[in-house]
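J.: First, the structure itself, so that you have it in front of you.
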Amino acid sequence: MEIGVHTPVLADESLESMLPYLDGLGVETIEPGVGGHPGEDHLTRSEYLDDETEQAQLRDLLEEYDMRISALATHNNPLHPDEERAEEADTELREAIRLAAQLEVGTVTCFSGLPAGSPTDEVPNWITAPWPPEHADALEYQWEQAIEYWGEIADYAADQGVDIAIELHPNMLVYEPHGMARLREETGDRIGANFDPSHLYWQGITISDAIRYLGEREAIHHVHAKDTRIYDAQAREKGVLDTTAYDDEPNRSWLFRSVGYGHDETHWKDIVSTLRMVGYDGALSIEHEDSLTSSREGLEKAIDLLGRAVFETEPGDAYWAE
């Protein structure tokens with residue numbers, strides 16, 4: 017298992033200056049944005065797509081620091097009811113898949129997207145309950161849209177030899193493990209999870225159980241290392257569906273935190289161990305969104321903790337059981 021970094025956190029630095037910094041910290045993989053919400057500060061999609069010279073220079077730069085790309089990130093909403101926004105997100109995703117194939121990167125991370133609640137709606141609609149009945153009807157409509165779209169993307173990704181890792185994210189159609197399993201069952205094995213525990217903690221989901229559930233279905237294609245802390249004093253008053261601004265920290269019922277500041281080292285060691293149990297041996301891509309610390313300090317503390325949690329060797333034989 018490798019320690020990696022989702023690079024938008026260092027958007028103010030060039031790729032050339034970022035790589036030696038991360039290499040010095042023991043980071044082995046990067047997950048750069050190539051469109052959508054992550055942006056493309058370190059890997060401009062149009063500059064590298066179909067350009068063998070630029071791609072060769074990128075490979076040389078990565079090789080200099082013994083670094084590899086774990087995934088290309090393009091988190092957006094290709095199911096948006098605004099046709100222009102949906103088309104832009106779809107183009108980003110398809111070009112990211114092509115670029116991943118050309119760079120021999122096996123995975124693209126993204127969101128499932130979120131449709132409107134009906135063909136006449138103009139904004140996405142996150143449905144969280146089946147009542148009143150029109151909500152159940154809206155959810156059925158949304159799933160029809162998602163299955164058709166992601167079935168096409170799964171075929172496109174299969175042709176390119178690339179896996180699609182969808183981040184389970186509230187305000188998207190797929191935000192918890194059962195929804196992920198359903199989408200995978202309906203569309204094919206190229207569709208799987210970018211497993212990010214931070215969005216599951218505040219929903220009350222037990223992380224080790226979620227890993228086992230998705231792992232049994234071979235549905236974990238990539239992993240984000242990101243923590244969340246629930247602040248009970250606020251949660252007891254207003255629950256966890258909190259629309260308070262992220263930078264109003266004292267009044268939020270939960271915050272994204274650096275690894276180790278939401279859950280302790282023992283917990284993260286259990287995450288690593290459970291991932292190994294289900295056969296995941298890829299990157300733990302640190303995503304820093306902790307507003308209580310700086311980017312570099314948050315990254316460095318997360319890397320330090322994960323360095324003690326990950327295993328560097330293959331499992332040995334259970335000689336004691338022979």
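Residue numbers are given in my numbering: position 289 of the sequence shown equals residue 305, and the series is strictly consecutive.
Heads up, the beta-carbon is just placed ideally off N, CA and C, and yes, glycines get one too.
Quick caveat: nothing in here was measured; it's all calculated off a predicted structure.
(1) Quick one: what does DSSP say Ile221 is sitting in, helix, strand or coil?
(2) Taking Ser274 as the reference, give the member of His238, Asp297, Gln161, Pro213 with the closest Cα.
(3) Pull up the distance between the alpha-carbon of Glu150 and that of Cys126, whole angstroms please.
(4) Where Tyr277 and His215 are concerned, what is the direct C-alpha to C-alpha distance, given to the nearest angstrom?
(5) Less than 8 Å between the C-beta atoms of Ala251 and Trp270, yes or no?
(6) In this structure, what does DSSP give as the bridge partners for Ser301?
(7) Ends of the beta strand (DSSP E) at Val124?
(8) Rank Leu26, Val124, Val50, Glu160 by C-alpha distance to the C-alpha of Ala209 and give the top, closest one.
(9) Based on DSSP bridge pairs, tell me the residues matched to His91.
(10) Hey, out of Phe211, Thr45, Thr244, Arg110, whose CA is closest to Thr290's CA?
(11) Please report the residue range of the beta strand (DSSP E) in which Glu338 lies.
(12) In this structure, what does DSSP give as the bridge partners for Leu271?
(13) I'd like the ranges of any alpha helix (DSSP H) spanning at least 4 consecutive residues and lying wholly in the region 124-190.
(14) Taking the alpha helix (DSSP H) that Thr290 falls in, what are its first and last residues?
(15) Comparing C-alpha positions only, which one of Leu41, Leu115, His96 sits nearest to Ala72?
(16) In this structure, does DSSP put Gly231 in helix, strand or coil?
(17) Which whole-angstrom value describes the C-beta separation of Glu192 and Leu199, a residue pair presumed to lie in contact below a C-beta threshold of 8 Å?
(18) Does the count of Cβ pairs from the region 95-102 and the region 38-51 closer than 8 Å reach three?
(19) Please state if the CB of His238 and the CB of Ser86 are separated by a distance shorter than 8 Å.
(20) Run through DSSP, which three-state label would Gly195 get?
(21) Could you tell me the alpha carbon to alpha carbon distance between Thr23 and Ala299, rounded to whole angstroms?
(22) In chain order, what residues of the same chain lie with their CB nearer than 8 Å to the CB of Leu321, ignoring the 5 residues before and after it?
(23) Which residues share a DSSP beta bridge with Ile113?
T.: In short:
(1) The DSSP-derived three-state label of Ile221 is coil.
(2) Considering only alpha carbons, the answer is Pro213.
(3) Approximately 29 Å, taken between the alpha carbons.
(4) Per the coordinates, the alpha-carbon of Tyr277 lies some 15 Å from the alpha-carbon of His215.
(5) At a Cβ-Cβ threshold of 8 Å, Ala251 and Trp270 count as neighbours.
(6) Partner(s): Gly20, His240.
(7) Per DSSP, Val124 belongs to the beta strand (DSSP E) from 123-126.
(8) In this structure, Val124 is the residue among Leu26, Val124, Val50, Glu160 with its C-alpha nearest to the C-alpha of Ala209.
(9) Secondary-structure assignment with DSSP links His91 through a beta bridge to Gly52.
(10) Checked all of Phe211, Thr45, Thr244, Arg110; the closest Cα to Thr290 is Phe211.
(11) Run containing Glu338: none; DSSP gives neither H nor E here.
(12) Bridge partners of Leu271: Arg245.
(13) Entirely contained in the region 124-190, the alpha helix (DSSP H) runs reaching 4 residues are, in chain order, 149-176.
(14) It spans 281-293 - the alpha helix (DSSP H) in which Thr290 sits, taken as one unbroken run.
(15) With distances taken between Cα atoms, Ala72 lies closest to Leu115.
(16) In the structure shown, Gly231 sits in a helix (DSSP, three-state: H, G or I).
(17) For Glu192 against Leu199, the beta-carbon gap comes to about 11 Å, at or over 8 Å, which does not count as contact.
(18) Under the 8 Å Cβ criterion, the region 95-102 does not count as touching the region 38-51, having fewer than three qualifying pairs.
(19) Their beta carbons are under 8 Å apart, which means Ser86 touches His238 by this criterion.
(20) Of the three classes helix, strand and coil, the one that applies to Gly195 here is helix, per DSSP.
(21) Take the alpha-carbon of Thr23 and the one of Ala299: they are about 13 Å apart.
(22) A distance below 8 Å between beta-carbons, with the five flanking residues on each side excluded, links Leu321 to the following residues of its chain, in chain order: Val275, Gly276, Glu281, Trp284.
(23) Partner(s): none; Ile113 has no beta bridge.
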